[in-house]
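S.K.: Take the sequence shown: its letters are residues 60 to 232, numbered as in my numbering.
Before we start, here is the structure in question, set down as structure tokens.
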Amino acid sequence: MRLFRPTLRIRMALLYGGLVLLVGISLLFTSVVLLQQSIKKVPIFQSQGLVTYADSTGRQVTQDPASLGEQAQRTAVNTLLHSGLIYFAIIVVIGTVGGYLLAKQALRPIAKLTATARQMSTENLDQRIGLGGPDDELRELADTFDEMLARLDAAFDSQRLFVANASHELRTP
60 MRLFRPTLRI RMALLYGGLV LLVGISLLFT SVVLLQQSIK KVPIFQSQGL VTYADSTGRQ
120 VTQDPASLGE QAQRTAVNTL LHSGLIYFAI IVVIGTVGGY LLAKQALRPI AKLTATARQM
180 STENLDQRIG LGGPDDELRE LADTFDEMLA RLDAAFDSQR LFVANASHEL RTP
């Protein structure tokens, strides 16, 4: 017996989560590139000479604008990556759980089809799924299943009639 059964619903949820993961990585990478390009275009980082500013302790610091721009880029990218990865992980989890719920909703007609198929026997072949809803692949499958049940019902009725006639003929000389 397997401990984990990868149902279609779980596989779809993982696919949705994987898609969110790929899109998120692309978005995070694009954000880093755009942030770096934006910081490079700040006029003060392109100026010549030295820039004097007060650091976090209040000390006066004199620095080259290019190295100050590189430091600003590193700080901004590190902040974006640290914060972004936390939110990114949350979004991937939400995307995967949302994918699971969406897959559950999308696969509900298949569950109805399965339940009807399990209830079928030679005595109740007149039962139909009657899925309704949008004219999509699942409805086409349910309609095909209903048509198959109608053919089976007709075949069993024909067989019952034949057996009844044969039995009657055998009893009556």
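Glycine included, each C-beta is placed from N, C-alpha and C at the ideal position.
Since the structure is predicted, the reported quantities are computational estimates derived from the model, not experimental observations.
Need the endpoints of the beta strand (DSSP E) that T111 sits in, please.
M.R.: 110-113
S.K.: Quick one: any contact between the region 65-82 and the region 151-158, if contact means 3 or more CB pairs under 8 Å?
M.R.: With a cut-off of 8 Å, the region 151-158 and the region 65-82 count as touching, because enough Cβ pairs lie within range.
S.K.: Per DSSP, what kind of secondary structure is T173 in: helix, strand or coil?
M.R.: Helix.
S.K.: For the alpha helix (DSSP H) containing V156, list its first residue and its last residue.
M.R.: 124-165
S.K.: Touching or not, the region 103-112 and the region 62-76, by the rule of three or more beta carbon pairs under 8 Å?
M.R.: no
S.K.: Locate the alpha helix (DSSP H) running through I188, then write down its first and last residues.
M.R.: Here I188 belongs to no alpha helix (DSSP H), and DSSP marks it neither H nor E.
S.K.: Taking just the CA atoms, how far does L87 sit from R165?
M.R.: It should be pointed out that residue 165 corresponds to Ala in this sequence rather than to Arg. Spanning the two alpha carbons is a distance of roughly 30 Å.
S.K.: Run through DSSP, which three-state label would V101 get?
M.R.: coil
S.K.: Whole-angstrom Cβ separation of A209 and L172, contact assumed at under 8 Å?
M.R.: In fact, because the Cβ distance is near 15 Å, the residues do not count as touching under 8 Å.
S.K.: Kindly indicate which three-state DSSP category Q107 falls into: helix, strand or coil?
M.R.: coil
S.K.: Taking the alpha carbon of L211 as the reference point, which residue from E199, A176, L229 has its own alpha carbon closest?
M.R.: A176
S.K.: Checking contacts by CB at 7 Å: is E196 closer than that to chain B?
M.R.: The displayed structure is made up of one protein chain only, and chain B is not part of it.
S.K.: List the whole-angstrom C-beta distance separating G128 from I98, where the pair is believed to meet the contact cut-off of C-beta under 8 Å.
M.R.: The beta-carbon distance between G128 and I98, rounded to whole angstroms, is 6 Å. This is short enough to meet the 8 Å contact definition.
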